[in-house]
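Colleague: I'd like to ask you about the structure that follows.
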Amino acid sequence: ATIAVKDTMCPSSENRGMTAHRAWKINDKDNKKTYTILYECPTDSCKPALIFYQLTLDDIAETVGCDTALVENVLRKIQDNFEPIGIAHRDIREALLIQIRNYMMNDGNPGHRCTLPLAHKIIKNHFEAFLNQQWDGIADALKVDITAIDAAAKWIGRLSPHPGRYFTDPTTRSLKKSSATEIITPDVEIQYLNGKYQAISVDNHIPRLQMNPYYLNLMRNRPDTLDAEAKAWIEKRYRDATNLLSSLAQRGSTIARVTEAIFEVQTEFLTQGVKSIKPLTLRTIAEKIGIHESTVSRVTSNKYVQTQHGMYPLRFFFSNELATTQGDAVSAKQVKNLIQEMVNAEVASKPLSDQAISNALKAKGILLARRTVQKYRDELGIPTSRERSKAKSI
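Start counting the sequence shown at 965; every next residue gets the next number (the numbering used here).
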């Protein structure tokens, strides 16, 4: 049978809480029938109905009159495709496995290619030992170094055992803004228009504000009907509203100006990608467009830009300058990208040590101490050469 799943009430950034009831249609083309599964989502746990009401897959199948395999397949599709990832878990272990599986399919960071399979094995086969923090026992059972287990355990700690709580419990939202649950929309887009790159402010996530027409009409067309106190009150509110609307318009304009200034420097990123990011500071942009450095800092903080290479934080395009033996300057971002490429291309049986990476960079004219290589490698989420060697032998 072919399964088609439709989420009729998918959560979005506008929906602050999970909907209590959801329905999915199951199309069984073999029997030319369409079934509907009702998914109950209690607001305290966001567990599927088969857990909250102690139902089994067989119970659901009997209720809707279809085969159990169809229900099981549709549950898997819900688990793998609807956000927050892991929402339709039957227990904490399954919630973690769903999230790890999603990362394994979608995480493009090569530094995680060893950690993710190991994390999956730990949760799938050694969950009780994981809960009891029996790291040595897990390391012995999987025949890996304890440092690899420690790295995997720390990575698992980033996951949410209750993914739906991000939507339902306001007190936990700040704790659950991981990449698996946070909904991010761009504040500005870079588009190629009229022969050049331009920044377009995106404000569709900001509520549309306008003057109250009733009070505008009173103030402009019927002032004689107002006493002095009411007239003064409306005029003050009018000035306040005008200032607010002006500030919002200025905000969008400033974000666009700062973004355009950034990409006048980082134009090569738009055509060649991360490897071409140049050194850039907040002060450089501030001087370029004639505003204070603190304004640039505020405008770029927690703001995202949509490019043809994907969505990035605006702060991503600022990078320290590193000197080369040729007298040129490269950005720290460029060097990190080189380190990532070296690790990606390394021979599996002979992973590069930090010193070997430092030597390879020196051959390219970039002087970077072993300690700095280690720092950059950690920031990229790349395990040590020893951990990479152990993980690849699993």
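Ideal Cβ placement from N, Cα and C applies to all residues, glycine included.
Keep in mind that this is a model prediction, so the values were computed, not measured.
1. Check this for me: beta carbons of Ala-1083 and Ala-1116, under 9 Å apart or not?
2. Mapping the DSSP letters down to three states, classify Ile-1330 as helix, strand or coil.
3. Below 8 Å CB to CB, which residues in the same chain sit around Val-1299 once its five sequence neighbours on both sides are set aside?
4. Let me confirm a value: Leu-1157 is counted as buried when at least 16 other C-beta atoms fall within 10 Å, else exposed. Which label applies?
5. With a CB to CB cut of under 7 Å and the five nearest residues on each side skipped, what residues in its chain are close to Ala-1052?
6. Identify every run of the alpha helix (DSSP H) within the stretch 1145 to 1221, keeping only runs that are complete inside it and at least 4 residues long; order them along the chain.
7. Go ahead and pull the three-state DSSP assignment for Gly-1050.
8. Spatial neighbours of Ser-1261 within its chain, please: C-beta separation below 7 Å, excluding the five flanking residues on both sides.
9. Rounded to a whole number of angstroms, what is the C-alpha to C-alpha distance between Pro-1315 and His-1256?
10. Since Met-1175 and Ala-1205 should fall inside the 8 Å C-beta cutoff, what is the C-beta to C-beta distance between them, to a whole number of angstroms?
11. Could you tell me which residues DSSP pairs with Val-1294 in its beta bridges?
12. Does the beta-carbon of Ile-1062 have 16 or more other beta-carbons within 10 angstroms, so that it is buried, or is it exposed?
13. Considering Cα atoms alone, identify which of Asp-1191, Leu-1208, Phe-1281, Ser-1124 is closest to Lys-1297.
14. Tell me which residue opens and which closes the beta strand (DSSP E) that Thr-1271 is part of.
15. If you drop the 5 nearest sequence neighbours on each side, which residues of the same chain put their C-beta closer than 6 Å to that of Thr-1218?
16. Can you pull the DSSP bridge partners for Met-1306?
17. Of all the CB atoms in chain C, is at least one closer than 9 Å to the CB of Leu-1208?
18. May I have the straight-line CA-CA distance separating Ile-1164 from Val-1152, to the nearest angstrom?
19. Ignore the nearest five residues each way along the sequence and tell me which others in Ala-1225's own chain have a CB closer than 8 Å to its CB.
20. What span of residues does the beta strand (DSSP E) with Pro-1277 cover, start to end?
21. Pairs of beta-carbons, one from the stretch 1342 to 1352 and one from the stretch 1097 to 1116, closer than 8 Å: are there three or more?
22. Count the other C-beta atoms from every protein chain shown that fall within 10 angstroms of the C-beta of Arg-1221, then say buried if there are 16 or more, exposed otherwise.
23. Pop quiz: Ala-1093 and Ile-1087 are said to be a contact at Cβ under 8 Å. What is the actual Cβ separation, rounded to whole angstroms?
24. By the 10 Å Cβ neighbour count, where 16 or more other Cβ atoms means buried, how is Thr-1079 classified, buried or exposed?
25. Do you know how far the Cα of Ser-1322 is from the Cα of Glu-1343?
26. Is Ser-1211 closer than 9 Å to Leu-1244 when the C-beta atoms are compared?
27. If you draw a straight line from the alpha carbon of Gln-1230 to that of Ser-1265, how long is it in whole angstroms?
28. With a Cβ-Cβ cutoff of 9 Å, do Tyr-1161 and Leu-1234 count as a contact?
29. When burial is assigned at 16 or more other CB atoms within 10 Å of the CB, is Ala-1213 buried or exposed?
30. Does Val-1263 come out as helix, strand or coil in the three-state DSSP assignment?
31. Spell out the partners DSSP gives Val-1311 in its beta bridges.
32. Below 8 Å on the Cβ atoms is my guess for Pro-1127 versus Ile-1049; work out the distance and round it to an integer in Å.
33. Would you give the residue range spanned by the alpha helix (DSSP H) that Phe-1091 belongs to?
Modeller: In brief:
1. Going by beta carbons, Ala-1083 and Ala-1116 fall inside the 9 Å limit.
2. Note: Ile-1330 maps to strand in three-state DSSP.
3. Here the set comprises Leu-1286, Leu-1325, Ile-1330, Leu-1332, Tyr-1340.
4. Burial check for Leu-1157: the Cβ neighbour count within 10 Å stays below 16, so the residue is exposed.
5. For Ala-1052, where only same-chain residues beyond five positions count, the Cβ hits under 7 Å are Pro-1012, Leu-1039, Ile-1042, Gln-1043.
6. Whole alpha helix (DSSP H) segments, 4+ residues: 1177 to 1185.
7. Correct three-state label for Gly-1050: coil.
8. Result list for Ser-1261: Leu-1246, in chain order.
9. Rounded to whole angstroms, the separation of the alpha carbons of His-1256 and Pro-1315 is 46 Å.
10. That belief holds up - the Cβ atoms of Met-1175 and Ala-1205 are roughly 6 Å apart, short of 8 Å.
11. Val-1294 pairs with Leu-1286.
12. Result: buried.
13. Relative to the Cα of Lys-1297, the nearest Cα in the group Asp-1191, Leu-1208, Phe-1281, Ser-1124 belongs to Phe-1281.
14. 1268 to 1271 is the span of the beta strand (DSSP E), which, as asked, contains Thr-1271.
15. The answer, listed in chain order, is Val-1263.
16. In DSSP, Met-1306 forms no bridge with anything.
17. You won't find chain C in this structure, because it holds only one protein chain.
18. C-alpha of Ile-1164 to C-alpha of Val-1152: approximately 5 Å in a straight line.
19. The beta carbon of Ala-1225 lies closer than 8 Å to those of Ile-1249, Lys-1252, Ile-1253 in the same chain, with the five residues before and after it left out.
20. 1274 to 1277 is the extent of the beta strand (DSSP E) around Pro-1277.
21. Result yes; three or more Cβ-Cβ pairs closer than 8 Å.
22. It is buried - the Cβ of Arg-1221 has at least 16 other Cβ atoms within 10 Å.
23. Actually they do not touch by this definition, with Cβ atoms about 10 Å apart.
24. Looking at its Cβ environment, which holds 16 or more other Cβ atoms inside 10 Å, Thr-1079 is buried.
25. Annotation: Glu-1343 to Ser-1322 spans about 16 Å, alpha carbon to alpha carbon.
26. Not a contact, by the Cβ cut-off of 9 Å.
27. Between Gln-1230 and Ser-1265, the C-alpha separation is close to 18 Å.
28. Their beta carbons are under 9 Å apart, which means Tyr-1161 touches Leu-1234 by this criterion.
29. Exposed, since its Cβ has fewer than 16 Cβ neighbours within 10 Å.
30. Note: Val-1263 maps to helix in three-state DSSP.
31. In DSSP, Val-1311 forms a bridge with Lys-1314.
32. In this structure Pro-1127 touches Ile-1049 by the C-beta definition: roughly 7 Å separates them, less than 8 Å.
33. Looking at the DSSP string, the run of the alpha helix (DSSP H) that includes Phe-1091 is 1091 to 1095.
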